[in-house]
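What follows is a short report on a single structure.
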Amino acid sequence: MKVVVTGGAGFIGSNLVRALAGAPGIGEIVAVDDLSTGSLDNLLDLPVRLFTGSVCDPDLLDEAVAGAAAVVHLGALGSVPRSIDDPLRSHHANATGTLSVLEAVRRHGVGQVVLASSSSVYGANPVLPRRETLRPMPVSPYAVSKLATEAYAVAYAACYGVTVLPLRFFNVYGPRQAADHAYAAVVPRFVSAALVGQPLRVHGDGTQTRDFTYVGSVTSVIVEAVLRGVGAPDVVNLAFGARISLLELIAELEAVLGRRLDVVHGPPRPGDVRDSQADCARLRELFPSARRHPLRAGLEATVAWMSARAFAGR
Ligand SMILES: NC(=O)c1ccc[n+]([C@@H]2O[C@H](COP(=O)([O-])OP(=O)(O)OC[C@H]3O[C@@H](n4cnc5c(N)ncnc54)[C@H](O)[C@@H]3O)[C@@H](O)[C@H]2O)c1
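Read in order, the letters of the sequence shown are residues 308 to 621 in this note's numbering.
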């Protein structure tokens with residue numbers, strides 16, 4: 308079975324390639340990535356063929372996707388602040404990119420496509436936990452582009468009979484998540500600052516909550532989805548219903564590192580949602596054996612990976 312992973316050189320993508328490489332029945336793994344935020348380092352020593360270029364390039368997609376049984380579409384420009392700085396660029400990579408991938412899937416009769424959307428689509432809707440039937444109220448260009456991603460997937464299932472599985476990820480963290488750029492996510496930012504003895508910068512008072520999800524839990528669900536050919540007529544939250552504040556996250560990190568950490572507070576960021584917690588009933592129905600990785604263990608793995616990388620000078 309040939310599986311294509313767009314965004315395969317990124318954080319979640321490279322963890323997925325690793326998980327697919329160890330799964331039974333996966334014959335060939337292909338990655339498509341323009342290396343805009345991903346890195347070749349992430350794919351070192353993995354049995355994967357990389358097509359370097361954009362998911363908006365139909366010729367590149369034709370080469371990569373031909374003969375594939377499944378496409379996992381993760382290639383996108385993440386980050387709410389990045390999309391606020393350059394909304395057209397995020398729209399192009401995320402919305403047009405998704406449409407281009409779905410067109411390639413259609414041209415090549417690919418059996419299944421799994422896609423990454425984001426909890427940010429719930430946006431200003433105050434209801435918790437986040438059930439998929441809630442009205443999306445995106446408050447950033449990134450969230451709008453992810454809403455387009457999942458809506459195109461549902462439309463392709465309806466119009467062309469493509470088997471789709473649009474998944475909403477919630478604050479995924481773990482090894483191989485980049486900390487070294489302006490738009491880094493909160494966990495790698497905190498871990499990296501803590502490891503070099505800098506204060507952790509919190510936007511707002513730190514009581515805002517997130518459903519932090521370890522990357523291994525995400526890749527396990529996607530591998531199972533690919534092996535079983537799981538599709539869904541509508542979007543599915545991929546998180547486990549935790550509601551952890553940034554202050555609690557910092558306390559866990561302090562426990563992992565065995566020392567107190569300095570914290571500085573700044574103003575809240577535009578486009579950020581206040582609280583986030585998944586309702587996981589749909590996930591449980593489709594993947595009864597999916598398991599949440601405990602936060603402490605996930606942070607330990609993240610700290611170990613980032614420390615080893617710093618030690619290796621990368
Ligand atoms: N990490 C999270 O917490 C989170 C939460 C919600 C949704 N997501 C979604 O999950 C997916 C993977 O995110 P990630 O955290 O691994 O981010 P990442 O930035 O590490 O990975 C994205 C990858 O896509 C590649 N890419 C970007 N634009 C591209 C283009 N036009 N053509 C080809 N490749 C392109 C990048 O080079 C990178 O390797 C994204 O779709 C993101 O929107 C992530």
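Cβ coordinates follow ideal geometry from the N, Cα and C atoms, glycine included. Keep in mind that this is a model prediction, so the values were computed, not measured.
Short of 6 Å from the beta carbon of H398, and not among the five residues preceding or following it, lie these beta carbons of its own chain, in chain order: S452. A straight-line Cα-Cα distance of about 8 Å links S427 and F477. E555: member of the alpha helix (DSSP H) spanning 553 to 564, first to last residue. Two segments are said to touch when three or more pairs of C-beta atoms, one from each, lie closer than 8 Å; by this definition the segment 397 to 412 does not touch the segment 489 to 509.
By the neighbour-count criterion, in which a residue is buried when 16 or more other Cβ atoms sit within 10 angstroms of its Cβ, Y459 is buried.
L593 and H380 have their C-alpha atoms spaced approximately 19 Å apart. In the structure shown, the three-state DSSP call for Y521 is strand. Restricting attention to G418, S424, P354, the CA atom closest to the CA of A383 is found in S424. Remark: fewer than three beta-carbon pairs, one from each stretch, lie closer than 8 Å, so the segment 565 to 576 and the segment 517 to 529 are not flagged as touching. L553 sits close to G513, with the two beta carbons spaced by under 7 Å.
The continuous alpha helix (DSSP H) containing E410 extends over residues 404 to 414.
The beta carbon of G332 lies closer than 8 Å to those of M308, L534 in the same chain, with the five residues before and after it left out. A direct Cα-to-Cα measurement between R356 and V339 gives close to 9 Å. The bridge partners DSSP lists for S527 come to none.
For A383, the Cβ falls inside the 6 Å cut-off from some heavy atom of ligand 1. Inclusion of N478 in the 6 Å shell around ligand 1 follows from its C-beta lying nearer than that to a non-hydrogen atom of the ligand. Under DSSP, A464 takes part in no beta bridge, so it has no partner. Between L342 and A371, the gap from beta carbon to beta carbon reaches 7 Å or more. Judged by DSSP in its simplified three-state form, S583 adopts coil rather than helix or strand. Bounds of the alpha helix (DSSP H) holding T609 are 602 to 618. In this structure, A501 has its beta carbon at no less than 6 Å from each heavy atom of ligand 1.
In terms of Cα proximity to L590, the closest of F547, P445, T609, I557 is F547. Non-local beta-carbon contacts of S447 in its own chain, meaning distances under 7 Å to residues more than five positions away in sequence, involve V387, S390, I391, S427, G578 in chain order. Leaving aside the five residues that flank A462 on each side, none in its chain has a CB nearer than 7 Å to its CB. At a Cβ-Cβ threshold of 7 Å, F358 and L367 count as neighbours. Taking the Cβ of G332 as the reference point, every heavy atom of ligand 1 lies at 6 Å or farther away. Relative to ligand 1, even the nearest heavy atom lies 6 Å or more away from the CB of F547. Judged by DSSP in its simplified three-state form, S596 adopts coil rather than helix or strand. Spatial neighbours of L406 in its own chain (CB-CB distance under 6 Å, excluding positions within 5 residues in sequence) are listed in chain order as Y459. Classified as exposed, S614 has fewer than 16 neighbouring CB atoms from the shown chains inside 10 Å of its CB. Secondary structure in the segment 446 to 521: the alpha helix (DSSP H) runs of 4 residues or longer, each lying completely within the stretch, are 448 to 467, 493 to 502 in chain order.
With respect to V312, V324 sits close: the two C-beta atoms are nearer than 7 Å. Excluding five sequence positions before and after A375, the CB atoms of its chain that fall closer than 6 Å to its own CB belong to K309, V311, V417, given in chain order.
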